[in-house]
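Going by our numbering, the letters in the sequence shown line up with residues 57 to 477, in that order. Quick notes on the structure that follows.
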Amino acid sequence: ANTEIDKIGATLTASAAAIALGKTEADKIPTIVTAAGTAIGLVAARITQAIADFTAGRAEAAKADEVILEANAEIDKVAARITQAITDIAAGRTEADKIPTITGAAGTAISAVAARITQALTDIASARTAIALGVTAIASANTEMGLANAQVDLGVTALASGAALVNTIPLGGGATEYMGQASSDVGTAQGFVLSGQGLLQKSSADFNNSTADLNTAGKEIDAGIAKVREAQANLEQANTDMGANRTYIDQAVAQLRVASENLAAADGYFKQATVDMNLNSSYIQDGNGELSAASLKIQEANANINQANANMAANRTYIDQAVAQIRLGQGYFNEAQGYVMEANTRLSTNASYLQSATGELRAGSSKVEEAIVNMRLVGTRLQVSQGGLRYEEWGRRELAQVETELRAYGGYPQSVRYPRD
């Protein structure tokens with residue numbers, strides 16, 4: 057699960073980088089579109105000035121009125137085209153202005169995903185620590201059980217040694233000492249059993265903590281998946297807005313191209329008027345200069361719009377890459393969630409085994425207590441038996457004293473056998 061989550065982190069990092077690049081390209085678009093609008097505004101000013109110049113020339117050269125009227129008609133077409141282009145660019149700018157907000161929301165959602173992943177990693181690390189503590193506690197409990205077994209074996213050995221000396225007069229330690237040693241060994245074993253039981257209870261608590269941490273991690277991963285889906289929806293909306301923006305920009309480019317053609321036609325009329333209007337040559341020259349400047353501004357606007365198209369294409373590429381990375385990350389999320397569910401299942405199984413072990417320990421503890429009661433009963437009986445041994449020893453001493461006194465008086469009398477009748 058950690059491996060899958062690490063893959064998710066790398067995928068989201070790549071996605072965030074792609075979105076940042078796309079946002080950088082998108083941020084350039086309003087500036088470029090504004091520059092195009094400014095250039096088109098200057099074109100309108102140039103055309104207005106050209107109209108003023110040609111109007112003055114028309115007053116000076118009545119014979120060129122027809123030519124100038126035709127030129128004016130073309131210029132009017134240019135003005136209409138430029139007005140439509142400005143409208144399209146404004147609409148495109150409105151769509152482009154939406155993109156930074158949407159990509160910003162996507163970036164925020166991805167940042168939230170990263171926070172969820174960090175928290176999930178923290179929870180999983182905590183669960184892993186709790187599991188390690190539980191395993192350590194079980195190992196310690198096994199050690200305590202081993203020590204308890206050794207003490208019980210010593211108690212059994214001492215009992216066997218004491219049982220062999222019951223109702224005997226040993227030269228060394230008696231049965232009472234062995235029974236006391238056995239009772240001490242069993243008491244020590246009971247202490248180890250209680251210690252092992254406490255360690256198993258601790259391990260059960262540790263495993264419960266790990267289960268809680270894994271459940272929390274699963275919730276964090278679910279929240280991360282929701283944020284990934286939110287970011288994906290935002291990026292898809294950004295793609296839609298960029299598509300609308302490109303449509304408006306394409307329309308503006310088409311309008312400007314038609315305007316350029318109309319300007320070329322107007323330029324032809326003005327050249328014809330120049331031939332016919334020798335007296336108005338200065339005005340015509342001024343008008344041609346204004347039209348040339350307007351043509352340059354239109355070329356500048358076309359260049360800016362082409363650059364905006366290029367930036368939007370780059371932006372769309374970066375966003376497509378980000379969407380692909382997020383989809384890959386979503387797959388990793390789903391796989392990680394499966395691992396977490398499997399871990400929960402195994403922890404539940406482990407908890408049932410721990411409950412069984414606790415029951416066995418409790419049963420063992422009751423058996424140890426029963427053995428202690430039996431040992432105490434044996435000790436009591438050994439004390440009674442020890443009292444009888446003291447009386448026997450007193451009788452032997454009295455008998456030895458009598459034998460000594462008899463020997464002092466001449467020994468035992470000799471028995472005489474008489475024949476039977």
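We put the CB at the ideal spot given by N, CA and C, even for glycine.
Residue 239 counts as buried, since at least 16 other C-beta atoms from the protein chains shown sit within 10 angstroms of its C-beta. The Cβ atoms of residue 400 and residue 267 lie closer than 8 Å to each other. Here residue 395 carries a helix assignment [DSSP, helix/strand/coil]. Close CB contacts of residue 346 within its chain, under the 8 Å cut and outside five residues either way in sequence, are with 102, 103, 105, 106 and 109 (chain order). The criterion of a C-beta distance shorter than 8 Å is not satisfied by residue 163 and residue 289.
The segment 172 to 185 makes no contact with the segment 193 to 212, as fewer than three CB pairs between them are under 8 Å. Rounded to whole angstroms, residue 300 and residue 148 show a C-alpha spacing of 7 Å. Annotated as proximal: residue 70 and residue 381, with beta-carbon spacing under 8 Å. By the criterion of a C-beta distance shorter than 8 Å, residue 74 is surrounded in its chain by 374, 375, 377, 378 and 381, once the five residues flanking it on both sides are discounted. Taking 8 Å as the cut-off, the beta carbon of residue 358 is found no closer than this to the beta carbon of residue 134. Nearest to residue 386 by alpha-carbon distance, out of 169, 254 and 352, is 169. In this structure, the CA atom of residue 233 is about 19 Å from the CA atom of residue 449. Taken through DSSP and simplified to helix, strand or coil, residue 465 comes out as coil. Contact annotation: residue 282 and residue 166 have beta-carbon atoms that are not nearer than 8 Å. Nearest in C-alpha terms to residue 194, of all of 217, 207, 141 and 260, is 260. A distance of 8 Å or more separates the beta carbons of residue 305 and residue 350.
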